[in-house]
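Quick note, the sequence shown lines up with residues 1 to 392 if you use the working numbering. Glycine included, every Cβ here is placed at the ideal spot set by N, Cα and C. Written out below as structure tokens is the structure these notes cover.
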Amino acid sequence: MLVNHHASMSSYLSLLLLSRRTKEEGTFLSYSFGGGGAAIVSLMYLLTVRCLRYQRYELVQKRREHVTYGKEHFVWLANVPNKYEFPWADVRATELGFFRTYAIPSVAKLLVATREFERDAQKRIEDTSLLIFEFCESDPKSPRGEAALRRLNAIHGKYKISNGDFLHVLSVFVLAGQQWIDQYEWRKVSDVERKARANFWIEVGKAMGLTDIPADYDAFVAFQQAYELKHMRYHPANRKVSDQTFAGFADAVIPWRCLAKPAIPLMRAAVCALLEPHIVEAIGYEPPSPWLRALLVSLLKLRACAIRHLFLPRRDDCPHLRCAPHTEVDRKASVRAAASCPRIPMSFPYGGQARSRHASGYTIDTLGPRSAVPGELGCLGGGGGGANVAAA
């Protein structure tokens with residue numbers, strides 16, 4: 001009886017230990033499978049990012065025959081970098097490009113004389129962005145594109161601006177974004193995108209009546225270097241318009257007015273750290289700290305690495321500026337294309353819609369200086385071009 005009792009107890013303990021061991025092993029196997037599953041899922045995600053990240057790039061290469069104006073996919077190819085692949089970089093490059101033009105005294109003196117930055121720097125920046133948006137969104141020769149270019153010609157035609165200054169500003173739009181992307185983004189600009197972008201702005205230059213326009217990207221690089229070597233130098237106007245621009249940026253970006261002014265030195269230091277030394281010298285600022293430049297460049301490189309390996313590509317375009325028709329009536333395609341259709345900016349890189357100077361809507365002929373009479377849009381054949389304007 002006692003023997004049977006001990007045998008029963010022994011069997012019970014054996015089963016209990018076996019059950020506990022099995023449970024512990026099951027838990028261990030569960031944790032092991034969970035960790036392995038997470039690793040597999042992570043690996044699959046990284047492979048998916050790698051496969052999808054360059055799909056649009058491959059599509060660009062297949063459309064390499066469309067890099068000239070008039071081809072079916074020309075406008076799309078010209079806008080792939082700034083609307084699909086690198087919209088953030090396009091805004092940053094444009095910001096730096098402003099200061100490149102301010103380093104030319106003839107440009108800076110004119111901007112100071114007009115007092116547009118002094119009156120309302122944010123409006124000046126928004127008006128420029130909206131006019132460029134109008135002819136970049138679809139086609140420089142679309143109804144709205146032509147109206148925007150006529151407006152630019154009417155505004156510029158009031159002043160004596162040399163053809164060389166116009167071409168220098170044009171070179172900034174051709175080169176600044178692509179050079180930033182090559183330095184700080186997750187991939188470089190392809191030759192197809194480079195050619196399409198240059199050809200797009202060449203068409204814009206022709207519509208503005210400019211002469212002696214560089215023939216391609218490399219020609220723009222050579223022109224910009226030679227022009228800056230000859231004309232870029234310090235002048236008090238360079239510093240003044242740069243200071244006004246920083247004030248406008250701070251006012252637009254920072255919603256709390258009490259913090260806008262104290263933020264200006266930080267913004268100035270960051271911009272100068274990313275500008276070329278000869279530009280910083282020409283606009284009259286102190287040389288940036290090498291440590292700050294190294295820090296910013298490292299952060300930009302880290303961002304590029306993260307995007308390349310960890311982020312899925314965007315499916316749709318992501319321009320830094322979006323606009324919508326003003327009313328339901330204007331949403332019809334035939335009306336929306338009309339140059340007179342009012343629009344409302346839905347997003348802005350500076351300040352957002354609520355703080356935009358055009359939150360209630362705009363029409364093309366009201367953009368620009370208040371002194372420019374709405375409706376007097378000039379002509380596309382040279383209202384703002386160097387051929388019709390005396391040298392400054």
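Would you mind giving the Cβ-Cβ distance between residue i and residue j, rounded to the nearest angstrom? I have them listed as a contact below 8 Å.
{"i": "residue 340", "j": "residue 363", "result": "6 Å"}
{"i": "residue 53", "j": "residue 313", "result": "6 Å"}
{"i": "residue 96", "j": "residue 275", "result": "6 Å"}
{"i": "residue 251", "j": "residue 122", "result": "6 Å"}
{"i": "residue 116", "j": "residue 369", "result": "6 Å"}
{"i": "residue 189", "j": "residue 61", "result": "With a Cβ gap of about 13 Å, residue 189 and residue 61 do not count as contacting."}
{"i": "residue 89", "j": "residue 177", "result": "7 Å"}
In whole angstroms, give me the CA-to-CA distance for residue i and residue j.
{"i": "residue 304", "j": "residue 104", "result": "32 Å"}
{"i": "residue 142", "j": "residue 311", "result": "35 Å"}
{"i": "residue 198", "j": "residue 216", "result": "6 Å"}
{"i": "residue 32", "j": "residue 58", "result": "Confidence in residue 32 is poor, its pLDDT being 49 and thus under 50, which makes the residue's placement unreliable; the coordinate value appears in the next sentence. Residue 32 and residue 58: Cα-Cα distance of roughly 39 Å."}
{"i": "residue 118", "j": "residue 239", "result": "13 Å"}
{"i": "residue 162", "j": "residue 125", "result": "22 Å"}
{"i": "residue 309", "j": "residue 185", "result": "12 Å"}
{"i": "residue 69", "j": "residue 194", "result": "14 Å"}
{"i": "residue 299", "j": "residue 157", "result": "43 Å"}
{"i": "residue 46", "j": "residue 307", "result": "11 Å"}
{"i": "residue 78", "j": "residue 263", "result": "35 Å"}
{"i": "residue 155", "j": "residue 169", "result": "15 Å"}
{"i": "residue 399", "j": "residue 85", "result": "No answer is possible for residue 399: the residues shown for the chain start at 1 and end at 392."}
{"i": "residue 171", "j": "residue 206", "result": "13 Å"}
{"i": "residue 146", "j": "residue 140", "result": "6 Å"}
{"i": "residue 256", "j": "residue 269", "result": "20 Å"}
{"i": "residue 224", "j": "residue 164", "result": "10 Å"}
{"i": "residue 92", "j": "residue 43", "result": "33 Å"}
{"i": "residue 75", "j": "residue 204", "result": "12 Å"}
{"i": "residue 235", "j": "residue 211", "result": "27 Å"}
{"i": "residue 153", "j": "residue 265", "result": "35 Å"}
{"i": "residue 289", "j": "residue 278", "result": "15 Å"}
How should residue i be labelled, buried or exposed, when 16 other C-beta atoms within 10 angstroms of its C-beta is the threshold for buried?
{"i": "residue 343", "result": "buried"}
{"i": "residue 258", "result": "exposed"}
{"i": "residue 26", "result": "Residue confidence is low: residue 26 scores 46 on pLDDT, short of 50, so the model does not pin down where it sits. Its coordinate-derived value is still stated next. Exposed, by the Cβ-count rule."}
{"i": "residue 232", "result": "buried"}
{"i": "residue 244", "result": "buried"}
{"i": "residue 136", "result": "buried"}
{"i": "residue 66", "result": "buried"}
{"i": "residue 40", "result": "exposed"}
{"i": "residue 214", "result": "buried"}
{"i": "residue 427", "result": "There is simply no residue 427 to check, as the chain begins at 1 and stops at 392 in what is shown."}
{"i": "residue 248", "result": "buried"}
{"i": "residue 83", "result": "buried"}
{"i": "residue 28", "result": "Low per-residue confidence applies at residue 28: pLDDT is 42, beneath 50, and the placement is therefore not dependable, though the value from the model is reported in the following sentence. By the 10 Å Cβ count, residue 28 comes out exposed."}
{"i": "residue 159", "result": "exposed"}
{"i": "residue 100", "result": "buried"}
Give the DSSP bridge partners of residue i, in chain order.
{"i": "residue 362", "result": "343"}
Is the beta carbon of residue i sitting closer than 7 Å to the one on residue j?
{"i": "residue 237", "j": "residue 112", "result": "yes"}
{"i": "residue 175", "j": "residue 246", "result": "no"}
{"i": "residue 273", "j": "residue 296", "result": "yes"}
{"i": "residue 131", "j": "residue 148", "result": "yes"}
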